[in-house]
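Residues 21 to 134 in my numbering are what the sequence shown lists, from first letter to last. Where a beta carbon is used, it is the ideal one built from N, C-alpha and C, also for glycine. Let me begin by presenting the structure, written as structure tokens, before commenting on it.
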Amino acid sequence: QVQLVESGGGLMQAGGSLRLSCAISEYIFGFTALGWYRQAPGNERELVAGVAGVAETKYAESVKGRFTISRDRGKNTLYLQMNDLKPEDTAVYYCYGRRGREYWGQGTQVTVSS
């Protein structure tokens, strides 16, 4: 049973930083794609950042230059470094992995106050 467990969410003032972690129960490079999605109340879930292959990354336009996705092979952990946070970044953030089928974490709340 593949498990993805997020941590690192919380309350932060605008302009601050948070780092989300996603601990994965399987070898991280066995996944064809990994990423972070978010969902704010009343909105659809959207891709924030994704990584595939050796190091192909993509970011939502709204987070480019502020967020960075990375992987740690030794810890089988996916990260999302979030800098210069804005109130519009407030959402539940989900870790995602694809290895034949899709896997999702349970989500972690990020709240940014103005």
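The shortest C-alpha to C-alpha distance from Gly73 to any of Tyr57, Arg91 and Thr52 is the one to Thr52. Taking one beta carbon from each stretch, the segment 38–57 and the segment 96–105 have 3 or more pairs nearer than 8 Å; the two touch. Rounded to the nearest whole angstrom, the C-alpha separation of Leu24 and Asp109 is 22 Å.
Judged by DSSP in its simplified three-state form, Glu26 adopts strand.
Setting aside the 5 residues that flank it on each side, Ser27 is surrounded in the same chain by Ser41, each with a C-beta closer than 6 Å to its C-beta; the list follows chain order.
Asp104 carries a coil assignment under DSSP once its states are collapsed to helix, strand and coil. In the DSSP secondary-structure assignment, Lys78 is bridged to Gly70.
In the three-state DSSP reduction, Phe51 falls in the coil class, being neither helix nor strand. Residue environment analysis places Leu31 among the exposed positions, since fewer than 16 neighbouring C-beta atoms fall within 10 angstroms of its C-beta.
One thing to note: Ile89 has its Cβ within 8 Å of the Cβ of Gly70.
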